[in-house]
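In the numbering used here, the protein residues as written are 36 to 455.
Notes follow the structure.
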Amino acid sequence: MTQRILLVIGGGIAAYKCLDLIRRARERGMSVRVVMTKAATEFVTPLSVGALSNERVFTDLFDLDDEREIGHIRLSRSSDIVVVAPATADLLARMAGGHANDLATAVLMATDKPVLVAPAMNPRMWTHPATRRNVALLQADGIRFVGPNSGEMAERGEAGPGRMAEPLEILDAIGAVLSRGATSAASLAAVPQMHVGPLSGRHVLVTSGPTHEPIDPVRYIANRSSGKQGHAIAAAAARFGARVTLVSGPVAVADPDGCTVIHVETAAKMLEAVKAALPADIGVFAAAVADWRVANAGVEKIKKTATQRTPSLELVENPDILRTIATNRAQRPSLVIGFAAETEDVVEHAKKKRKSKGADWVVANDVSPETNVMGGERNTVHLVTAKGVETWPEMLKTDVAEALVMRAAEHLSRNEAAAE
Ligand code: C5P
C-alpha cells in the first residue's frame, strides 16, 4: 500500500532540501502532500513543490476553497505520517504551545497520525533554553525527532548542532516510525525516543552521590552529599540527547529518566563501574567520594563490651576516580569536569585541584553549613577553566546542571569545528 506523507514545510533556509526529500520519497513509491507555512514560501515556491509532489500544495488556513474541498481535519488525517521539515524554532514553539493559527499548526493540532520533526536552526537557537523546553514538551507528547546534525551552518562562520537531517536520514526515520506500526501519538509514546539535542550521539558519564565505606557489616563512613547536583546533570545531559551513564552512590533521590544508572556503595566499586562505562565524550565527576576507607573492615559487627577498649579505625586512601580517568590517556573523555566542594578559599582550591587532578574544568562550590548547599536545592558555583574563573549567580541545582551541560555541548562542537 502506498505510504502517504503529509509534509509540513517550515520557513527556514533548509526548506530547499525538502525538494529533494519529496523527489526521493516519490522514488520510493510514497505519495507526498505538502502544507507550507507562509514563511516557507519565502524560501521555496509552491509551484516547484507542487511540480515535484504532483499534488496541490496547501498554504493557508483561510483559503476558503481548500476548507470547502478538504479542510484541515481531513487533510491532517488522510496520511500515514506528518513530517515537519524544516522545523524552525518558531514552529516548534507554536507546536509546543498548541497554537493553531495557520494551516500548518492547525493540521498538526488536528492530526491523529504520528508526527516526525526535523529541526533546523542556528545552533544558539537550538541550544536556547526555550527551544530545549519546547523539544522536551513535544517529546513528552510522543512527537518524534530526527536530527538536527552538527556542522557548518548556512550562515558563514557558524557551526554546531542545528543543521537539518539529510533527506535520506529523514526517509529512514519515516520508515522506522511507520514500521513500528505506531499510528497515533499514544502508541508512539511507547516507542523509545531517538536521541535528539545538542548532545545527540554523545556518551556522557556522570558520578554522583556519596560513597559508603564499610566499617563492619552495619556501619559505614559517609558524607552529606545528596546526589541532587550530579543527578540533575545526568538528567540534563539525557534531555539534551546524550546517552548517559550515571554511576551513583547511595542516595535518596530517584534515578533520572533516560539514563543508565549503576548503583554502587564504595569508591572502589565506583571506579570499577566508571572504567567499565568508558569510552565517554564527557565525564562529570560530581560524586563526593570518601577520601578514606577502613583498612580491615570487620566481617562481623564490632561489639561494644564493658571491658574492651574503644576500637580505633585504621584508614587507607581511596582511589581518586577523577584523577585516574583524567590522567588515563587511552580512554580520557574529551571533556573532564570535576567538582570542588570547599568550605574556604573555594576558588583558589579549585584552581589547584583543576591542575593537580588533570581536569579540564572544575565546578567549585562553597559547602559551608551556612550555605545550605549540601542537600539543598540551590547552588552558587564558580566555573574554573584554563581560561579563568566565572562566578555564576545563585541558581537551582537543576539550572546549574542545564547551564553546565549546555556549556559542555558548546565546548565539544566548537572544538570539533576548530579541528576540522
Ligand atoms: O579531592 P576532592 O575530593 O576535593 O576533589 C573533588 C573532585 O574529585 C570531585 O570531582 C570528586 O568527584 C572527585 N573525586 C574522585 N575520587 C575521589 C575523590 C574525589 O573522583 N576519591
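Just so it is clear, CB atoms sit at the ideal spot from N, CA and C, and this is done for glycine as well.
Beta-carbon proximity list for ALA444, same chain, < 7 angstroms, skipping 5 on both sides: Numbered from its first residue, the sequence shown carries residue 444 at position 409. Correct list, in chain order: THR162, PRO233, LEU234 and PHE275.
Give the straight-line distance between the Cα atoms of ILE40 and GLY210, rounded to the nearest whole angstrom. One-based indexing of the sequence shown puts residue 40 at position 5. One-based indexing of the sequence shown puts residue 210 at position 175. Each residue's Cα considered, the two are about 11 angstroms apart.
Would GLY373 and PHE320 qualify as a contact pair, given that the criterion is a beta-carbon distance under 9 angstroms? Position 338 of the sequence shown, counting from 1, holds the residue named residue 373. Position 285 of the sequence shown, counting from 1, holds the residue named residue 320. Yes; because the gap between Cβ atoms is below 9 angstroms, this pair is in contact.
Consult DSSP for HIS417 and reduce its assignment to one of helix, strand or coil. As a first step, residue 417 is located in the sequence shown; it is residue number 382 there, counting from the start. Of the three classes helix, strand and coil, the one that applies to HIS417 here is strand, per DSSP.
May I have the straight-line CA-CA distance separating LYS387 from VAL402, to the nearest angstrom? Numbered from its first residue, the sequence shown carries residue 387 at position 352. Numbered from its first residue, the sequence shown carries residue 402 at position 367. Rounded to whole angstroms, LYS387 to VAL402 spans 18 angstroms at the Cα level.
Looking only at its chain, what residues have a beta carbon closer than 7 angstroms to the beta carbon of THR60, apart from the 5 residues adjacent to it on each side? Taking the first residue of the sequence shown as position 1, residue 60 is located at position 25. Looking at the sequence itself, residue 60 is Ala, so the reference to Thr does not match. Cβ within range, chain order: ILE40, VAL67 and LEU206.
Backbone CA spacing between LEU87 and MET71 [nearest angstrom]: On the sequence shown, position 52 is the one that residue 87 refers to. On the sequence shown, position 36 is the one that residue 71 refers to. Going from the Cα of LEU87 to the Cα of MET71 covers about 14 angstroms.
Roughly how many angstroms lie between the CA atoms of THR242 and ILE356, to the nearest whole one? Residue 242 sits at position 207 when you count from the first residue of the sequence shown. Residue 356 sits at position 321 when you count from the first residue of the sequence shown. Computed Cα separation, rounded: 9 angstroms.
In whole angstroms, give me the CA-to-CA distance for ALA311 and LEU213. Counting from one through the sequence shown, the residue named residue 311 turns up at place 276. Counting from one through the sequence shown, the residue named residue 213 turns up at place 178. Each residue's alpha carbon lies about 36 angstroms from the other.
Under 8 angstroms from any heavy atom of the ligand C5P, does the C-beta of LYS390 make it? Taking the first residue of the sequence shown as 1, we reach residue 390 at position 355. Not so, every heavy atom of the ligand C5P lies at least 8 angstroms from the Cβ.
Closer than 8 angstroms to a non-hydrogen atom of the ligand C5P - does that hold for the CB of PRO233? Numbered from 1 along the sequence shown, position 198 holds the residue referred to as residue 233. Checking every heavy atom of the ligand C5P against the Cβ of PRO233, none is found closer than 8 angstroms.
Looking at the secondary structure, which residues open and close the alpha helix (DSSP H) in which THR359 lies? In the sequence shown, counting from the first residue as 1, residue 359 sits at position 324. Segment 356-361, the alpha helix (DSSP H) holding THR359.
Compute every distance between the C-beta of PRO368 and the non-hydrogen atoms of the ligand PLP, then say whether any falls below 8 angstroms. Inclusion of the ligand PLP in the displayed structure is not the case, the ligand content consisting of the ligand C5P alone.
Per DSSP, PRO154 forms a beta bridge with which residues? Along the sequence shown, read from residue 1 onward, the residue named residue 154 stands at position 119. For PRO154, which the question treats as bridged, DSSP gives the partners ALA122.
Extract the residue ranges of the beta strand (DSSP E) inside the stretch 339-405, only unbroken runs of 3 or more that lie entirely within it. 350-352, 370-377 and 396-401
Could you give the residue range of the beta strand (DSSP E) that holds HIS298? The sequence position of residue 298 within the sequence shown is 263, counting from 1. Note, HIS298: beta strand (DSSP E), 294-298.
Helix, strand or coil for PRO249, going by three-state DSSP, please let me know. For the purposes of this step, residue 249 is taken as the residue at position 214 of the sequence shown. Residue state, collapsed to three classes: strand.
Spatially closest choice to GLY265 from ALA289, VAL43, HIS247 and ILE250, by CA coordinates: On the sequence shown, residue 265 is found 230 positions in, with the first residue counted as 1. The shortest C-alpha separation from GLY265 is found at ALA289.
Measuring from each Cβ to the nearest heavy atom of the ligand C5P, keep the ones under 5 angstroms and list them in chain order. PHE320, ALA322, VAL324, ASN353, ASP355, ILE356, LEU357, GLY373 and PHE374
Rounded to whole angstroms, how far is the Cβ of ALA200 from the Cβ of VAL181, which I believe are closer than 8 angstroms? Your numbering for residue 200 matches position 165 in the sequence shown. Your numbering for residue 181 matches position 146 in the sequence shown. So it is a contact: roughly 5 angstroms between Cβ atoms.
With 16 other Cβ atoms within 10 Å as the buried cut-off, status of ASN414: Within the sequence shown, numbered from 1, the residue matching residue 414 stands at position 379. Classification of ASN414: buried, given that the 10 Å Cβ count is 16 or more.
Determine contact between the stretch 256-265 and the stretch 420-430, defined as no fewer than three beta-carbon pairs at a distance below 8 angstroms. no
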